[in-house]
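A short write-up of the structure that comes next.
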Amino acid sequence: MIVLFNPRSTKPRHRRHPYSILALAAVLPEDESMIVDGNVDPDPVASMARAARKGGVDAFGFTVMPGPQLVAAVEAAKKLKNEFPRIPMIWGGYFPSLYTRAVLSAPYVDYAIRGQGEGTLVELLEAIRSGADEARLGSIKGLSWKSGEDRVSNAERIWEGPDSFPPVPFDRVRGEDYVSPTHLGQRTAAYFTSIGCPYKCNFCGVITMYGNRETFESVDRTEQALRWLVQNHGIDSVHFIDNNFFLREDHARELVDRITPLGLSWWCEARIDVGLSFSDDTWRRIAGSGCRMIFFGVESGSDENLRRMNKSLTTAQSLEMAARIRRFGIVPEFSFCLGDPGDPEKDILGTLRFIRRVKEVNPDTEIVLYFYHPTPQRNGMYGGLDGDFEFPEDLDVWCTKEWLDFQTHTDSNVPWIGRGLKELVDGFDEVQKARFPSVHDDHVAPWGRRVLRALAGWRWDMETYSGAAELALVRRLARIPRDLQEYGHFRG
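The sequence shown lines up with residues 107 to 598 when you count with the numbering used here.
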């Protein structure tokens, strides 16, 4: 048996189904896996240790994302390896896929699975049970492992689409743990319908994991999964976590026609150029099916920077989308990646000016700001940073505050973005959020939102963003206590 572990990554209000380990459980016989979710289990290490003491545990399998989940994974792995040194420790997920060398430098991790893990895990478990012969280990695609003092990374595994594997085994976890109120509804769940991304943005880690391809599951399978969640857990809303929910108009029309009878409100992520290619009739269907908000990666207010990012998008297209989507009552959520290494000041100032133009076109546009930070790339890091920027090769260093801030975009801690630029962005964000209250900002009392909007008006009009102590004070006084998500762009 393998113990599949999802380390804690969020607070209770924002728990979502642990799809990474559920996907792994789906390809194994039910009696050959045990699921432990650190977002639900108050003492997951104790639960895993109890299982190991009973015997029959062939391996511990961790899924690991950067940020808080990495910290929880390191802590748990150290404890388990100390008590059960002979049980192999396997890490997979986004972090091991991008930072494989750092993961295998840890004495408590034996194997790292890169990219899609289902096939690799099945073959690895077979190899472990037969004695972990090195010749056999070396034949497993997508696997990185230790051979004495050496670190070996096998050939990449060509990934497969969702329909190549069994459906999500929702009944392996308690569904009530993963349904909670959001701005979409009172009982929101998450779901994904595809794997990968077909674009070649050269600042994004998804390309490193999967290359530039995206494969969708069948519309029948999507409808069945959502219907199951509605019937068994009473969901009224869903957050689609695909990199791109729409790629083709015919697929989009069929998909939303299947969603409409379920009566769900929903959020998704999409490409601006794809959305602009859709007819008005398709957009009416999307809105009529319950779509309330769409997240778009705009990234920059500079066409020059967008070309360097290989984004295949223009600022004019983003403005066009902001205007067009407003006609259908759908809120656009525009994300910006600030701080181009070539000229961060020019990039940031230009993008902040562009955001003001977006707000003129559609004041309801939600704005999400991140500082750019490098991720490993197959063809070199964006900004020509290879050789000038190094990632830690020690997981304990990755878990320090400096590198946690880097992973969560709290503070990119990169040398080309000075404190003054960071303070400018923080001040701008404070003012624009006060002037244009977000639908996500339900932790501020209604009276506070009204006061913030009034106070921020002159600052927005005069482009005065620094020293907004009055806004911070009102926000504190009007705050409604609540557990909040501190990581990722899904904000309930």
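No residue lacks a Cβ here, since even glycine has one placed at the ideal position from N, Cα and C.
DSSP-derived helix/strand/coil call for residue i
i, result
"residue 521", "coil"
"residue 591", "For residue 591, the predicted structure reports a pLDDT of 37, less than 50, and the residue's modelled location is therefore unreliable. A value from the coordinates is still provided. Of the three classes helix, strand and coil, the one that applies to residue 591 here is coil, per DSSP."
"residue 367", "helix"
"residue 328", "helix"
"residue 351", "coil"
"residue 438", "strand"
"residue 177", "helix"
"residue 252", "strand"
"residue 165", "strand"
"residue 557", "helix"
"residue 598", "Low confidence applies to residue 598: its pLDDT is 40, below 50, so where it sits in the model is not reliable enough to give any reading."
"residue 188", "helix"
"residue 666", "Here the chain has residues from 107 to 598 only, and residue 666 is not among them."
"residue 477", "strand"
"residue 237", "coil"
"residue 120", "helix"
"residue 357", "helix"
"residue 125", "helix"
"residue 206", "helix"
"residue 416", "coil"
"residue 345", "strand"
"residue 290", "coil"
"residue 457", "helix"
Sequence-distant residues of the same chain with beta carbon closer than 7 Å to residue i, five excluded per side
i, result
"residue 580", "554, 557, 558 and 561"
"residue 576", "561"
"residue 411", "446 and 453"
"residue 427", "378, 381, 382, 402 and 438"
"residue 574", "533, 536, 537 and 565"
"residue 224", "129, 130, 133 and 271"
"residue 141", "110, 127, 131, 278 and 279"
Same chain, Cβ closer than 8 Å to residue i, neighbours up to 5 away in sequence not counted
i, result
"residue 593", "Interpretation of residue 593 is limited by its pLDDT of 38, a score under 50 that renders its predicted location unreliable; the figure taken from the coordinates is listed afterwards. These residues qualify, in order along the chain: 115, 116, 173, 174 and 514."
"residue 221", "203, 248, 262, 263, 265, 315 and 316"
"residue 357", "322 and 325"
"residue 435", "393"
"residue 244", "258 and 260"
Rounded separation between residue i and residue j - CA only
i, j, result
"residue 283", "residue 511", "28 Å"
"residue 413", "residue 402", "17 Å"
"residue 352", "residue 152", "42 Å"
"residue 126", "residue 367", "28 Å"
"residue 215", "residue 183", "8 Å"
"residue 535", "residue 451", "16 Å"
"residue 521", "residue 508", "13 Å"
"residue 270", "residue 130", "13 Å"
"residue 591", "residue 122", "For residue 591, the pLDDT reaches just 37, beneath the cut-off of 50, and the residue's location in the model is therefore unreliable, although a value from the coordinates is still provided. So the alpha carbons of these two residues sit roughly 12 Å apart."
"residue 145", "residue 279", "12 Å"
"residue 493", "residue 486", "10 Å"
"residue 465", "residue 471", "7 Å"
"residue 597", "residue 572", "Residue confidence is low: residue 597 scores 43 on pLDDT, short of 50, so the model does not pin down where it sits. Its coordinate-derived value is still stated next. About 26 Å."
"residue 595", "residue 462", "Here residue 595 scores only 41 on pLDDT, less than 50, and its place in the model is too uncertain to base an answer on."
"residue 255", "residue 164", "23 Å"
"residue 240", "residue 374", "43 Å"
"residue 429", "residue 502", "47 Å"
Contact check, residue i vs residue j, beta carbons under 9 Å
i, j, result
"residue 343", "residue 389", "no"
"residue 231", "residue 108", "yes"
"residue 294", "residue 300", "no"
"residue 441", "residue 421", "no"
"residue 460", "residue 418", "no"
"residue 178", "residue 197", "no"
"residue 200", "residue 171", "yes"
"residue 370", "residue 394", "no"
"residue 365", "residue 320", "no"
"residue 349", "residue 312", "yes"
Residue i, buried or exposed, once every other Cβ within 10 Å from all chains shown has been counted against 16
i, result
"residue 248", "buried"
"residue 119", "exposed"
"residue 589", "Because residue 589 sits at a pLDDT of 43, beneath the cut-off of 50, its placement in the model cannot be relied upon, and the following sentence gives the value as read from the coordinates. It counts as exposed."
"residue 237", "exposed"
"residue 586", "exposed"
"residue 213", "exposed"
"residue 292", "exposed"
"residue 113", "buried"
"residue 150", "buried"
Own chain partners of residue i with C-beta closer than 6 Å, once the 5 adjacent residues on each side are dropped
i, result
"residue 242", "233"
"residue 583", "none"
"residue 432", "468"
"residue 274", "128"
"residue 258", "251"
"residue 489", "447"
"residue 478", "443 and 445"
"residue 138", "107"
"residue 495", "480"
Beta carbon proximity, residue i to chain D, threshold 9 Å
i, result
"residue 477", "Among the protein chains of the structure shown there is no chain D, as only one such chain exists."
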